[in-house]
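Residue numbers (this note's numbering): 430 to 672.
Glycine residues also receive a C-beta, built at the ideal position from the N, C-alpha and C atoms.
Since we're looking at a predicted model, the values are computed, not measured.
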């Protein structure tokens, strides 16, 4: 999930970002310190989840939550604050969880797991966009390439850059993996890891891996891990029995 942290304290943002980076469900993290900054990020990126502080400098996180909920297809909201007296108001703003400072890894993971379950359910009821489309435009190296979707093997995100692997070329783009997941929109593409999206038609080998997970070998020899967060959906997709 592409996540936005909204907090006016840099140390709090850094601490929460550090903990979120340890959660496999989080694919990318943006930060903002104000309502205006948050709204700018929300317009620039396809945000799935917002961790939102109640008290921003001369502003209210509750006000921002109200603005977010008025957006089409709004991201899910988790309040992350030092104040417990606003919980009722937070849940009235459709908050999915309410995490208190100082942050603890297990509590943050609990919130992420809870939200991720809701987010995964929402992904099964998406409005079709490019499903069935034979091609997709890829903007790379200051050019736009028209790529046949059936030649796309996999996509990998690393340090803010997304690599699109095709049967004959690799493209480096700066759009987040979550956006490409929506562009390619379902069969035969599926998320198998917070950093990888694969075309299941190009899987050539599935090997048992650490902690009862799998390692995939794609048709170009690329090795891709299946994380535990996506293990169940991958087994169902590939009709694999649980070991």
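(request) Give the DSSP-derived three-state secondary structure of residue 664 in the structure shown. (result) helix
(message) For residue 559 and residue 647, what's the separation of their Cα atoms in angstroms?
(response) Note that residue 559 scores a pLDDT of 40, beneath 50, so its modelled location is shaky; the value from the coordinates is reported in the next line. For residue 559 and residue 647, the distance between alpha carbons rounds to 23 Å.
(message) Taking the straight line between their C-alpha atoms, what separation do you get for residue 653 and residue 479?
(response) Cα-Cα distance, rounded: 28 Å.
(request) Compute the distance between the beta-carbons of residue 483 and residue 512, then report whether it is under 9 Å. (result) Yes. Within cutoff.
(request) Go ahead and pull the three-state DSSP assignment for residue 651. (result) coil
(message) Let me check understanding here. Comparing Cα to Cα, which of 633, 651 and 521 lies closest to residue 584?
(response) 651
(message) So, for residue 610: in the same chain, excluding its five sequence neighbours on each side, which residues have a beta-carbon less than 7 Å away from its beta-carbon?
(response) Taking C-beta separations shorter than 7 Å and ignoring five residues to either side along the sequence, the partners of residue 610 in its chain run 620 and 626, following chain order.
(request) Work out the CA separation of residue 502 and residue 556 for me, nearest whole Å. (result) Low confidence applies to residue 556: its pLDDT is 42, below 50, so where it sits in the model is not reliable, and the reading given next is rough at best. Near 11 Å, if we compare the C-alpha coordinates of residue 502 and residue 556.
(message) Cutting at 7 Å between CB atoms, please list the residues of its own chain near residue 604, excluding the five before and the five after it.
(response) So the qualifying residues of the chain are 591.
(message) Alpha carbons only, please: which of 516, 494, 665 and 509 is nearest the one belonging to residue 448?
(response) Here the closest residue by C-alpha is 509.
(request) Could you tell me the distance, in whole angstroms, from the CA atom of residue 659 to the CA atom of residue 636? (result) 16 Å
(request) Taking only the alpha-carbon atoms, compute the straight-line gap between residue 514 and residue 594 and give it to the nearest angstrom. (result) 49 Å
(request) With DSSP collapsed to three states, give me the class of residue 645. (result) strand
(message) Considering only their Cβ atoms, is the gap separating residue 430 from residue 545 smaller than 9 Å?
(response) yes
(message) Going by DSSP in three states, residue 511 sits in which element: helix, strand or coil?
(response) coil
(message) If I follow the unbroken beta strand (DSSP E) through residue 594, where does it start and stop?
(response) Per DSSP, the unbroken beta strand (DSSP E) holding residue 594 starts and ends at 590-595.
(request) Could you tell me the boundaries of the beta strand (DSSP E) in which residue 707 lies? (result) The requested residue 707 is not part of the displayed model; the chain covers only 430 to 672.
(message) The alpha helix (DSSP H) that contains residue 616, what's its start and end?
(response) Here residue 616 belongs to no alpha helix (DSSP H), and DSSP marks it neither H nor E.
(message) Contact defined as beta carbons within less than 8 Å: I believe residue 596 pairs with residue 649. What is the distance between those atoms, to the nearest angstrom?
(response) Taking the Cβ atoms as the reference, residue 596 lies roughly 7 Å from residue 649, within the contact range of under 8 Å.
(request) Check whether the Cβ atoms of residue 453 and residue 433 sit closer than 9 Å, and answer yes or no. (result) Cβ atoms of residue 453 and residue 433: not closer than 9 Å.
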